[in-house]
Amino acid sequence: MRQTDGVQLPDPALVVLVGASGSGKSTWAAAHYRAAEVVSSDELRGIVGGGPHDLDASGDAFAVLETVVAARLGRGLTTVVDTLGLDPAKRRAWRDAARAAGLPAVAVLMDTPDVECRRRNAARDRPVPAPVLAGQLRSVRDVRPLLEAEGWDLVVPVRAEHAPEAPAPAEVRSTPDRTSSLGLRSVLQVSRFPWGEDPLDWLTGIARAADEAGFAGLALMDHLIQVPQVGRAWDPIPEPWVTLGAIAGLGTGLELGTLCTPVTFRPAGITAKAAATLSALTGGRAFVGIGAGWWEREHAAYGLTFPPARDRLDDLERAIVTMKALWASGTKAYDDHGVVLPETTSYPRPAGPIPVVVGGSGERRTLRIAAAHGDACNLRTTDEAELERLIGVLHAHCDDVGRAREEVAVTVLDLPVVGSDRDDVWARVERHRGRTPAATYAARTHAATVAGHRDRWARLAGLGVDTVFIATPDLGSPEDVLALRGLNA
Ligand code: CTP
Ligand code: MG
């Protein structure tokens, strides 16, 4: 969805502009869409003919326009048709084409007073002759009731003066606990490490930028070989607890932890020791993301066993119980939930609670383990309908095991494409989409500006999401991290 003058426009969509000359169609289109998304009959007259006003070129211009519209809609790409929009047969054909492409069809009616259109027209280098404009203005009056009856998914009137832009996110102050004005926190997940010659310098830059950009924390992916979803097998993927130790030395206010540590990598007691040490070093800002593990190849390569899923899930449950037993005060023996420890002597003590974030979306076991033992459950989707459903499943497990729902926070892993403006968003989509069609990749990554992602995150908060772990495909430099700061306002 795109926020325009207070109206939510679907995106991608077909957007047909309707309005007289001088009503501001092209100006509105340029303010809200990338140039490549706008197909203008005037501009095409200038391309196939002598200039925007070369009426002899209209036939050729419209032929090209129809070709462009059909090609873009066929690819599921947003298409803004900038013509007078006063021909009902053309409107119907565009609407039908959008339907065939599965895109919503939106009519945008320029609600500009006649006198203002005349004034702007008169001020132009090449005004439309007065009688022609008068005819257009009559047609626009008549088109209004027609649009309502034509079967558009949305008819949007645009007033003459643009509503003031929404305040820039940076003007809103985040609260000290780093919950944003959206009502959630975000944690930067670092999954790729293009650190060149100086790993520590790169890490320092990224972590300081995350702190400055208002992230609540920083999470490192825990893998032994870089996963194909993120990079190439020969890209560096550092051991996270060592790396977090280096970041702990920077004195940021970030919470530090993993997302996610496979239970198969280290005995649970060793993970408990690493996290307790990190907690001590950071004044209580450590967390542990933990899951059942999934990638057999890295286990084989490092000489680790990779038991069947059922056993890994049993191990996951016992690992959380073991860590919590070791972090609890005292040194007494522990015997519960199938875990038997003759003593729980673990020093240094954690300097604060260490939240355990259970990763995975397995509905029968993983969510139940999170409900029974986790402090948070990280759901691997930001599809809102699916998310709502999974939260329901999690809550049902909470009810079932007798745990208060509020004790298990909902977190999500978000993998968005974020750009500075619409052009930048699409440049990034093109850079990263590989062989995936642009519209598909853009939809999957919710490709949008910071403002667009804020709208989405507000809806996630409404669903009950407490923390968003965010990893973008563009985290190469501190500047890339700082560009995300508006998300945390
Ligand atoms: N304009 C303005 N304030 C607006 C919108 C437009 O002053 N809110 C001015 C533009 O700068 C331009 C003129 O009005 O000089 C016409 O705007 P334009 O967007 O070009 O109108 P269109 O509807 O696209 O006109 P045409 O059909 O002739 O292309
Ligand atoms: Mg125009």
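Under UniProt numbering, the residue at position 265 of the sequence shown is numbered 265, and the numbers go up by one with no gaps.
Every residue gets a Cβ at the ideal spot worked out from N, C-alpha and C, and that includes glycine.
These figures come from a predicted structure and were not determined experimentally.
The beta-carbon separation of Gly-293 and Val-263, rounded to 6 Å, stays under the 8 Å limit for a contact. Assignment of beta-bridge partners to Pro-157 by DSSP yields Leu-109.
Listed in chain order, the non-local C-beta contacts of His-397 below 7 Å within the same chain comprise Leu-367, Arg-368 and Ala-371, local neighbours out to five positions each way being set aside.
DSSP, reduced to helix, strand and coil, places Thr-67 within a helical segment of the structure shown. Apart from sequence neighbours up to five positions away, the residues of its chain that approach Thr-305 with a beta-carbon distance below 8 Å are Thr-264 and His-299, ordered along the chain. In this structure Gly-419 is buried. Its beta-carbon is surrounded by 16 or more other beta-carbon atoms within 10 angstroms. Residue environment for Glu-37: buried (at least 16 other C-beta atoms within 10 angstroms of its C-beta). Nearest in C-alpha terms to Cys-377, of all of His-395, Glu-384, Asp-383 and Trp-195, is His-395. Only residues of its own chain outside the window of five on either side were considered, and among them Leu-379, Val-410, Leu-463 and Gly-464 have a CB closer than 8 Å to the CB of Ile-391, listed in chain order.
The beta carbon of Asp-42 lies closer than 6 Å to those of Pro-52 in the same chain, with the five residues before and after it left out. When distances are taken from the beta-carbon of Arg-95 to the heavy atoms of the ligand CTP, even the shortest one reaches 8 Å or more.
Rounded to whole angstroms, the gap between the alpha carbons of Arg-431 and Gly-59 is 36 Å. Three or more beta-carbon pairs drawn from the segment 181-193 and the segment 450-464 are found closer than 8 Å, and the two stretches are therefore classed as touching. Straight across, the Cα-Cα distance linking Glu-363 with Gly-330 is about 35 Å. Within the DSSP bridge table, the entry for Tyr-347 names no partner. The DSSP-derived three-state label of Tyr-441 is helix.
Here the alpha carbon of Val-340 sits roughly 8 Å from the alpha carbon of Ala-333.
The secondary-structure analysis by DSSP pairs Thr-27 with nothing; it has no beta-bridge partner. Within 8 Å of the C-beta of Arg-124 there is at least one heavy atom belonging to the ligand CTP. Excluding the 5 residues flanking it on each side, Pro-355 has same chain C-beta neighbours closer than 7 Å at Phe-287, Asp-375 and Ala-376, in chain order.
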